[in-house]
Amino acid sequence: MRLCMRCTLHSYPNYYLITSHMIKKSIGLLCLTALTTGLAQAQDSTSTSPLEISGSVDLYYKADFAGVPNIETSFADENNSISIGMIDIALSKTVGKATFVGEVAFGPRGQYQSIPNSGVDNNSFHIQNLYASYAVTDMVSITAGYMGTFVGYEVISPTGNYNYSTSRMFTNGPFQNAGVKVDLAISDRVGLMVGLFNDWNVYQDLDGLSDFGAQLYLSPVDGWDAYLNLITGGTAYGYGTEIDLTTGYQITDAFYLGLNAASLTLSDAAASDNTTKGFYGVALYPQVALTESFGLGLRFEHFKWKDLEEGGTTLENPSYNSITLSANVKAGPLTIIPEFRFDGSDQNVFYSSADIMNSEAGFDSKSASQVLVGVVYGF
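Residues -42 to -1, 1 to 337, numbered by mature numbering (1 follows the signal peptide of the UniProt record, and there is no 0), are exactly what the sequence shown covers, in order.
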């Protein structure tokens, strides 16, 4: 399977029991405008905010129990090595009702593991976000530019995730959606976004602005937020449609429960090219704060590549069940993330040892395990 990578606006949590997807979605519900509207109405308000600078740096050590990189998800793919993630720098400024955001990243996590066009040497920097906005009214806004995707629970910035490794739904969903969108804040508990976008993860879409996206936001009670997302058009695998539900509930001051469910359905032509009809998955994210500086979080994920029926035969694709246990140890802006992960499948999709991998005998195991320690500093 071809994996796609995604980028999203950096966000640094003030508290380790974070609802990272809520940060991302709140950014998605900001009001942004076309330049002509901003120029025409700039004189309506002269209030200016200072230039805001934020970002993060991260590194990790990972060891797979089989001695080879086995679990193919985004980032943290190097084995038995002190490895770097990225340095991420975001700038933002608001003048009156107009806002801009620009974000660049350097390093594997922000470059060739998530960039649309990394170059042959994997060395170019990556513009993760570059967009402008205008708040037409208190309820309506327009956004134009290159934006982190509104789809999904996890994000690229390690400060926006509780676990350091990522889910398969994250890895195989969109990372960025350049385009134009309109956000409508119907009330404090209901919001709607619609937009036209480029294909997934491209700076320039040669097919034109042909993808349609929408998001419905609901907050049934205080502490509970839900987002129903739709994106249809050119995906990383060809034409298809992804439907995604992202929700989280801060049940008590110490306990948070998140959920992500997604389904991608490809067109017949795209399915034939990729030998799969798409994927579906669901993940639970329970997190508990044990002290002000220490917490534990689990991720339970079930992920399945959809079977493909072609020519009267059925190609049975693998499914995965993954359990990830992560601790968050905080010291001011520094977070240390010790993590254990176990992945199992109904098919042989892993190597049991480096000797098996080097022998080119093929996959011989239905499970893989790894431990890692991530170090993340947000500013």
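Beta carbons are placed, not taken as given, at the ideal position from N, Cα and C, and that holds for glycine.
Practice prompt. Compare the beta carbon distance of S125 and R257 with 8 Å and say whether it is the shorter of the two.
Written response: yes
Practice prompt. Find out if the Cβ-Cβ distance for the pair V109, I209 is shorter than 8 Å.
Written response: no
Worksheet item: Assuming D22 contacts A326 under a Cβ cut-off of 8 Å, what Cβ separation, rounded to an integer in Å, is found between them?
Response: 7 Å
Practice prompt. Buried or exposed for V179, please, with buried defined as at least 16 other CB atoms from any protein chain shown within 10 angstroms of its CB.
Written response: exposed
Worksheet item: DSSP puts F258 in a beta bridge; with which residues?
Response: L242 and I281
Worksheet item: With a Cβ-Cβ cutoff of 8 Å, do L222 and T204 count as a contact?
Response: no
Worksheet item: Which value, in whole angstroms, describes the spacing of the CA atoms of I40 and Y175?
Response: 40 Å
Discussion item. On the criterion of 16 or more Cβ atoms from any shown chain inside 10 Å, does K(-18) qualify as buried, or is it exposed?
Written reply: Reliability of the predicted coordinates at K(-18) is poor, the pLDDT of 42 falling under 50, and no value is obtained from them.
Discussion item. Need the endpoints of the alpha helix (DSSP H) that T129 sits in, please.
Written reply: R126 to N130
Discussion item. Can you tell me whether G332 is helix, strand or coil according to DSSP?
Written reply: strand
Worksheet item: How long is the line joining the alpha carbons of L49 and N275, rounded to whole angstroms?
Response: 43 Å
Item to complete: In the DSSP assignment, find the alpha helix (DSSP H) that holds N232 and state where it starts and stops.
Response: D226 to N232
Worksheet item: Considering D301, what are the terminal residues of the beta strand (DSSP E) in which it resides?
Response: L292 to S303
Practice prompt. Specify the secondary structure class of D165 as computed by DSSP and reduced to three states.
Written response: coil
Discussion item. So Y243 and Y120 are supposed to be a Cβ contact under 8 Å. How far apart are they, rounded?
Written reply: 7 Å
Discussion item. With H, G and I counted as helix, E and B as strand and the rest as coil, what does DSSP make of D313?
Written reply: helix
Practice prompt. Taking V113 as the reference, give the member of T101, G103 and F128 with the closest Cα.
Written response: F128
Worksheet item: Out of curiosity, what's the CA-to-CA distance linking H260 and T234?
Response: 17 Å
Discussion item. Helix, strand or coil for T249? Go by DSSP, reduced to three states.
Written reply: coil
Discussion item. Could you check whether L330 and Y122 sit closer than 8 Å to each other, using their CB atoms as the reference points?
Written reply: yes
Discussion item. Report the start-end ranges of each beta strand (DSSP E) in the segment 90 to 130 that is 3 residues or longer and not cut off at the edges.
Written reply: 98 to 104
Worksheet item: Do the segment 154 to 165 and the segment 132 to 139 touch if we need at least three Cβ pairs shorter than 8 Å?
Response: yes
Practice prompt. Assuming K324 contacts F298 (C-beta within less than 8 Å), just tell me the rounded distance between them.
Written response: With 8 Å as the limit, K324 and F298 do not qualify as a contact, their Cβ atoms being about 18 Å apart.
Discussion item. Please classify A312 as buried or exposed, where buried requires at least 16 other C-beta atoms within 10 Å of its C-beta.
Written reply: exposed
Worksheet item: Do L224 and G196 have their C-beta atoms closer together than 8 Å?
Response: yes
Worksheet item: Straight-line CA distance for D322 to S310?
Response: 6 Å
Item to complete: May I ask you to list the residues that DSSP assigns as paired with V138?
Response: A102 and L154
Discussion item. Does F337 pass the burial test, meaning 16 or more other C-beta atoms within 10 Å, or should it be called exposed?
Written reply: exposed
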